[in-house]
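K.L.:
Those letters in the sequence shown? Residues 843 to 1487, per my numbering, in order. For glycine and all other residues, C-beta sits at the position ideal for the given N, C-alpha and C. Given the structure is predicted, the values throughout are model-derived calculations rather than measurements. Before anything else, here's the structure in question.
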Amino acid sequence: MSELLDPFAPDVVARASGLLGDFNGAGLLAAADVHVARELGLLAGVEEPALLLAVALAVRAPRLGHVFVDLATVSETAAVEDEESAALATLPWPDPAQWIAALESCGALVALGEEEGEEVRPLRLIGSRLYLDRYWREERDVADRLAALWGGGMRSVDSTWLRAALARLFPAAEDELQRCAAACAVLRGLAVVAGGPGTGKTTTVARAAALICELASAEGRPEPLIALCAPTGKAAARLEEAVREEAERLDVAGGVADQLRRLRASTIHRLLGWRPGSHSRFRHDAGNRLPHDVVIVDETSMVSLSLMGRLVEAVRGDARLVLVGDPDQLTAIEAGAVLRDIVGPAGHELRLSRGMRALLERVSGAAALAGAAAPAQTSFGDGIVALRRGHRFGAAIGALADAIRLGDSEAALHAAAAAPDQIAWLPLDVGDPELSATAAETALSPLRDAAVSAGRAMVGAARAGDARGALEALAGFRLLCAHRRGVYGVATWSGQVERWLSEAIDGFAPDGGVYAGRPLLVTENDYELRLYNGDTGVIVSTESGGLGAAFVRDGSLATFAPSRLDSVHTLHAMTIHKSQGSQFDVAAILLPEAGSRILTRELLYTAVTRARRRLLLIGSEETLRAAIERPVARATGLRERLWGA
843 MSELLDPFAP DVVARASGLL GDFNGAGLLA AADVHVAREL GLLAGVEEPA LLLAVALAVR
903 APRLGHVFVD LATVSETAAV EDEESAALAT LPWPDPAQWI AALESCGALV ALGEEEGEEV
963 RPLRLIGSRL YLDRYWREER DVADRLAALW GGGMRSVDST WLRAALARLF PAAEDELQRC
1023 AAACAVLRGL AVVAGGPGTG KTTTVARAAA LICELASAEG RPEPLIALCA PTGKAAARLE
1083 EAVREEAERL DVAGGVADQL RRLRASTIHR LLGWRPGSHS RFRHDAGNRL PHDVVIVDET
1143 SMVSLSLMGR LVEAVRGDAR LVLVGDPDQL TAIEAGAVLR DIVGPAGHEL RLSRGMRALL
1203 ERVSGAAALA GAAAPAQTSF GDGIVALRRG HRFGAAIGAL ADAIRLGDSE AALHAAAAAP
1263 DQIAWLPLDV GDPELSATAA ETALSPLRDA AVSAGRAMVG AARAGDARGA LEALAGFRLL
1323 CAHRRGVYGV ATWSGQVERW LSEAIDGFAP DGGVYAGRPL LVTENDYELR LYNGDTGVIV
1383 STESGGLGAA FVRDGSLATF APSRLDSVHT LHAMTIHKSQ GSQFDVAAIL LPEAGSRILT
1443 RELLYTAVTR ARRRLLLIGS EETLRAAIER PVARATGLRE RLWGA
C-alpha cells in the first residue's frame, strides 16, 4: 500500500524548484498552496515566479484564518506553521512595490479595486491586499448586508412603554447596560450583545426576546417567529436551556412565557437547511429567505466569515438579527474574526450617536451613559453594547481576565500571584528537560490534589448509582491543555490523571472499556439522542445492576446504554478550544512553552475565563508574558468596511 501524504505537509513538494520551492522548503507554503498556484498559472498562461508566489500566499491565507495576504507586510509578519522549520529571514522576498505593480499588470489572474467587472478573476488586488476572489466577495457582501440591517431605521416603539418594560425585566439599578442592550435588540434591525462569561449576555437576550413578544402582543400583531441558533450543537442546547430557565422566572404574561418555553435552538447549519454534499450552500439563501422575524445567534465569536455570509444573506431585510458573544475569545477556526470586527471599538466603550445615546438614556433610566462619541464616518455602533460586570468570577479571576484582555502583562502577573485562595499559579514549564520527575511531581501536587478530589467524588457517585452527583463532580473540575498531543497535550495528561486516580482510588483500574466512573466526551453530534460534540457524561451503575451513560439533556438527567454511543472519548482533560462556552468551578490550565505558535492572548483569556471559583495556572512567567503580548492577528477588512479606516 502506498503511503498516504498530508496535502498540507511542507515537504510533499520538496523537489519544487525556484521561488515556490524555496518557500515550500522553508515550511511557509504547504503542498496544496503550491499545487493551486501552479494550476492557476497554467490556466492563465502565467509563469512569472513572483506572481505564482503571490497566488500561493493568497491560497495559504484563509487556511490560517486570514481573509487576504498583505503583500506590503507579509515578509515581516509571515510565520511558519511548523515550529521547527527554518527561519524565514533569508527567503528571497520580492520587492513589495515591484511585486504589486506586476500583479496590477496581470489581468489574466487579477482583478483590481472594489468595482466588480464583467469577468471574474481568481484574485482581487486592493492596494497591497491580495484576496482570493471568493473571500473578497464574502467580506464585501457580509459588510453590505450587516450595514443594510443596521441602517434599516429605528423600529417605532413607544418609549414610555419600553422604559417601563425594561425596568420590570431588569429591576436592579446596576443593570443599565443590560437594559440598553435589550433596548437595542428591540429598536434596531442589527444588535450585538457582547461581553465575557458571566456578564449576563444570555439573560439579556432572553429578556429582549420576551420584550419583542410583549411588544407584538401590545400592538395586536401575530406572535413573532424567533430563531435561536449557535455554531455548535452544544452551544445551541445551552442557549435553549438558558432561555427556558429565564421563562420560568421572568415577570411576564403567561402567554409570553409560553412562547419562550416553546423556542427550540439549532445549529446555524440546521437553521439554514444544510444540503448533504455541500459545505457552502443551504436551502435558505438570498432567494429563499428565512421566515423568522428575529434571529438570535449565540457564541458568534466562533462563526467564520463564510458562515456569517450564508446567514446574513438568508435573514429577511425587515427582520431583527441579534448577535451574542465574546469578541475577546478565540475566533473561528476558518477565515475571519467576524464578531471582533463587528464590535470594533465598541468592545471597549459605547460608541453611540448623539440621538441613540439620548434615547437609550431615556428608556434605560441611566443618568448618563459613559462612552465615546460615534466615529465621524459612521454610527454603526448604535446597536452594539458590551457588558462588563461579571457575575460568575471571583474578583482575582476577573482581574486576571481583564488584564489579559487589555494586554497588560504586568497587571496579569500581579493578579496571578496576588490571591492564592482563588488563583494558584505554578510557575513551571512541564516540558523543561531539566525538570526532574521528582521536582515536577512535587510542584504539581496542587493539580494532582484537585484532579484526585474531583475524580474520587465522581467515581464514588457513579459506583453508587448517583448520576447527578457524578455529573456535578465532573463539572466541578477540568484540566485544560493548549495542545492535543505531546508533552503539553491532552493525550499525555489524560493518561497522567488516570494514573493519579488509579493510585488514589481503590479498585480504579481503567482499561479503556466501560466502567463506572468513566468520564465521557462526545466528539460528534448525535441528533437522535440529542447529544452534541462537546457534551460530557459519566458511566454510572444502574438499579438493574448494569451500567448506563448519564448526561444532562434539556436540564434533566438522561441515561443511555453505552452501546448506543458511537463517538465518545474518555475525558480527563480537554483542549482549551473544546472548552469554549463551558465553565467549571475549578479549572486547571496547562500552558505550553513560550514559543508555541498557538499560544496567544485569546487562548489564555478563553482558558482563564472557564474558571468560576478557583484557577490553577501552570506555566512559566515567560509563557504568560508571551501569550499576553501575542494577540491573534488576522488579516481582515471587515472592520474597516463597517467602521471606516
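Can the beta-carbon of Glu1019 be found less than 8 Å from the beta-carbon of Ala900?
P.N.:
In the sequence shown, residue 1019 corresponds to position 177, counting from 1. In the sequence shown, residue 900 corresponds to position 58, counting from 1. A quick correction: the sequence has Leu, not Glu, at residue 1019. No. Outside cutoff.
K.L.:
Going by beta-carbon coordinates alone, are Leu1432 and Cys1323 separated by less than 8 Å?
P.N.:
As a position in the sequence shown, residue 1432 is number 590, starting the count at 1. As a position in the sequence shown, residue 1323 is number 481, starting the count at 1. Their beta carbons are under 8 Å apart, which means Leu1432 touches Cys1323 by this criterion.
K.L.:
Taking its Cβ as the centre, do 16 or more other Cβ atoms sit within 10 Å of Pro964, making it buried, or is it exposed?
P.N.:
As a working note, residue 964 is residue 122 in the sequence shown. The residue is buried, with at least 16 neighbouring Cβ atoms inside 10 Å.
K.L.:
Might you give, ordered along the chain, the residues of its own chain that have their beta carbon closer than 6 Å to the beta carbon of Arg971, omitting 5 neighbours on each side?
P.N.:
For the purposes of this step, residue 971 is taken as residue 129 along the sequence shown, with counting starting at 1. Cβ neighbours of Arg971 beyond the five flanking positions: Phe910 and Asp912.
K.L.:
By the 10 Å Cβ neighbour count, where 16 or more other Cβ atoms means buried, how is Gly1379 classified, buried or exposed?
P.N.:
The residue given as residue 1379 occupies position 537 in the sequence shown. By the 10 Å Cβ count, Gly1379 comes out buried.
K.L.:
Would you check if the distance between the CB atom of Asp1519 and the CB atom of Arg1481 is smaller than 8 Å?
P.N.:
No answer is possible for residue 1519: it lies beyond the span of the chain, which begins at 843 and ends at 1487.
K.L.:
Quick one: using the 10 Å Cβ neighbour count with 16 as the cut-off for buried, is Ala1487 buried or exposed?
P.N.:
Position 645 of the sequence shown holds residue 1487. Exposed: under 16 other Cβ atoms inside 10 Å.
K.L.:
What does the alpha-carbon distance come out to for the pair Leu906 and Arg1131?
P.N.:
Working through the sequence shown from its first residue, we reach residue 906 at position 64. Working through the sequence shown from its first residue, we reach residue 1131 at position 289. Whole-angstrom Cα-Cα distance: 31 Å.
K.L.:
Reducing DSSP to helix, strand and coil, say where Tyr973 ends up.
P.N.:
Taking the sequence shown and counting its residues from 1, the one referred to as residue 973 is at position 131. Note: Tyr973 maps to strand in three-state DSSP.
K.L.:
Hey, quick one: how far does the beta strand (DSSP E) through His1411 stretch, first residue to last?
P.N.:
Here residue 1411 refers to the residue found at position 569 when the sequence shown is read from its first residue. Run containing His1411: Val1410 to Thr1412, per the beta strand (DSSP E) assignment.
K.L.:
Whole-angstrom Cβ separation of His1190 and Leu1321, contact assumed at under 8 Å?
P.N.:
Within the sequence shown, numbered from 1, the residue matching residue 1190 stands at position 348. Within the sequence shown, numbered from 1, the residue matching residue 1321 stands at position 479. Their Cβ separation, rounded to whole angstroms, is 32 Å, which puts His1190 and Leu1321 out of contact at 8 Å.
K.L.:
Would Val1053 and Val1035 be called neighbours here (beta carbons separated by less than 8 Å)?
P.N.:
If you number the sequence shown from 1, residue 1053 lands on position 211. If you number the sequence shown from 1, residue 1035 lands on position 193. Reading off the sequence shown, one finds Leu at residue 1053, where the question assumed Val. No, Cβ-Cβ distance for Leu1053 and Val1035 is not below 8 Å.
K.L.:
Checking the sheet assignment: what are the DSSP bridge partners for Gly1359?
P.N.:
Taking the first residue of the sequence shown as position 1, residue 1359 is located at position 517. None, per the DSSP bridge assignment.
K.L.:
Ala1293 lies in the alpha helix (DSSP H); which residues open and close that run?
P.N.:
Here residue 1293 corresponds to residue number 451 of the sequence shown, with the count starting at 1. Note, Ala1293: alpha helix (DSSP H), Ser1287 to Arg1305.
K.L.:
Pull up the distance between the alpha-carbon of Ala1177 and that of Glu1385, whole angstroms please.
P.N.:
Taking the sequence shown and counting its residues from 1, one reaches residue 1177 at position 335. Taking the sequence shown and counting its residues from 1, one reaches residue 1385 at position 543. Ala1177 and Glu1385: Cα-Cα distance of roughly 49 Å.
K.L.:
According to DSSP, is Ala851 helix, strand or coil?
P.N.:
Mapped onto the sequence shown, residue 851 falls at position 9. Here Ala851 scores only 46 on pLDDT, less than 50, and its place in the model is too uncertain to base an answer on.
K.L.:
Tell me, please, whether the CB atom of Thr1442 is closer than 8 Å to any CB atom in chain C?
P.N.:
The question asks about chain C, but that chain is absent: this structure has only one protein chain.
K.L.:
What span of residues does the beta strand (DSSP E) with Val1394 cover, start to end?
P.N.:
Residue 1394 sits at position 552 when you count from the first residue of the sequence shown. Counting along the chain, the beta strand (DSSP E) containing Val1394 begins and ends at Leu1389 to Arg1395.
K.L.:
I'd like to check one pair, Val1185 with Met821: are the Cβ atoms closer than 8 Å?
P.N.:
With the chain running from 843 to 1487 in the structure shown, residue 821 is simply not present.
K.L.:
Which one or two residues does DSSP pair with Arg1162 in a beta bridge?
P.N.:
Counting from 1 along the sequence shown, the entry for residue 1162 is found at position 320. DSSP, once it has assigned bridges, lists Val1136 as partnering Arg1162.
K.L.:
Along the chain, where does the alpha helix (DSSP H) that runs through Leu1114 open and close?
P.N.:
Looking up residue 1114 in the sequence shown gives position 272. Unbroken alpha helix (DSSP H) run through Leu1114: Ile1110 to Leu1114.
K.L.:
Mind reading off the beta-carbon distance from Val1139 to Cys1055? Whole number of angstroms is fine, and I expect it under 8 Å.
P.N.:
Stepping through the sequence shown from its first residue, residue 1139 is reached at position 297. Stepping through the sequence shown from its first residue, residue 1055 is reached at position 213. 18 Å between Cβ atoms; not a contact.
K.L.:
Within this structure, are the beta carbons of Ala1161 and Val1136 separated by less than 8 Å?
P.N.:
As a first step, residue 1161 is located in the sequence shown; it is residue number 319 there, counting from the start. As a first step, residue 1136 is located in the sequence shown; it is residue number 294 there, counting from the start. Yes; because the gap between Cβ atoms is below 8 Å, this pair is in contact.
K.L.:
Quick check: the region 1338-1356 against the region 1446-1463, are at least 3 beta-carbon pairs closer than 8 Å?
P.N.:
The region 1446-1463 vs the region 1338-1356: no contact.
K.L.:
Expressed to the nearest angstrom, what Euclidean distance is found between the alpha-carbon atoms of Val1356 and Gly1331?
P.N.:
For the purposes of this step, residue 1356 is identified with residue 514 of the sequence shown, where counting begins at 1. For the purposes of this step, residue 1331 is identified with residue 489 of the sequence shown, where counting begins at 1. Their backbone Cα atoms lie some 24 Å apart in a straight line.
K.L.:
Just how far apart, CA to CA, sit Ala1156 and Asp1017?
P.N.:
Looking up residue 1156 in the sequence shown gives position 314. Looking up residue 1017 in the sequence shown gives position 175. Each residue's alpha carbon lies about 33 Å from the other.
K.L.:
Between which two residues does the alpha helix (DSSP H) containing Pro1022 stretch?
P.N.:
Position 180 of the sequence shown holds residue 1022. First, the amino acid is wrong: residue 1022 is Cys here, not Pro. That run of the alpha helix (DSSP H) goes Glu1018 to Leu1029.
K.L.:
Specify, as a first and last residue, the run of the alpha helix (DSSP H) that Thr1448 falls within.
P.N.:
Counting from one through the sequence shown, the residue named residue 1448 turns up at place 606. That run of the alpha helix (DSSP H) goes Arg1443 to Val1450.
K.L.:
Tell me the DSSP secondary structure of Thr1142 in three-state form.
P.N.:
Reading the sequence shown from its first residue, position 300 is the one you call residue 1142. In this structure, Thr1142 counts as helix in the three-state DSSP scheme.
K.L.:
So what's Val1098 in DSSP terms, helix, strand or just coil?
P.N.:
On the sequence shown, residue 1098 is found 256 positions in, with the first residue counted as 1. The answer is helix: DSSP assigns Val1098 an H, G or I state.
K.L.:
Can you list, in chain order, the residues of its chain with a C-beta nearer than 6 Å to that of Arg1372? Leave out the 5 residues immediately preceding and following it.
P.N.:
Residue 1372 sits at position 530 when you count from the first residue of the sequence shown. Counting only Cβ-Cβ distances below 6 Å, and skipping sequence neighbours, we find Arg1395.
K.L.:
Compute the Euclidean distance between the alpha carbons of Ile1265 and Gly1249, then round it to the nearest angstrom.
P.N.:
Position 423 of the sequence shown, counted from the start, is the residue given in the question as residue 1265. Position 407 of the sequence shown, counted from the start, is the residue given in the question as residue 1249. Going by the C-alpha atoms only, they are around 19 Å apart.
K.L.:
Pick from Thr1401, Leu1363 and Arg1247: whose alpha carbon is nearest that of Trp1420?
P.N.:
What you label residue 1420 is simply residue 578 of the sequence shown in a count that begins at 1. The residue you asked about is not Trp; residue 1420 is Lys in the sequence shown. Nearest option by C-alpha distance: Leu1363.
K.L.:
Taking the beta strand (DSSP E) that Thr1045 falls in, what are its first and last residues?
P.N.:
Within the sequence shown, residue 1045 is the residue found at index 203, counting from 1. No beta strand (DSSP E) holds Thr1045; the alpha helix (DSSP H) holding it covers Lys1043 to Ala1060.
K.L.:
If you check the beta carbons only, do Leu1008 and Ala1025 fall under 8 Å apart?
P.N.:
Translated into positions along the sequence shown, residue 1008 becomes position 166. Translated into positions along the sequence shown, residue 1025 becomes position 183. Cβ atoms of Leu1008 and Ala1025: closer than 8 Å.
K.L.:
May I have the straight-line CA-CA distance separating Pro1217 from Val984, to the nearest angstrom?
P.N.:
Numbered from 1 along the sequence shown, position 375 holds the residue referred to as residue 1217. Numbered from 1 along the sequence shown, position 142 holds the residue referred to as residue 984. Roughly 21 Å between the two C-alpha positions.
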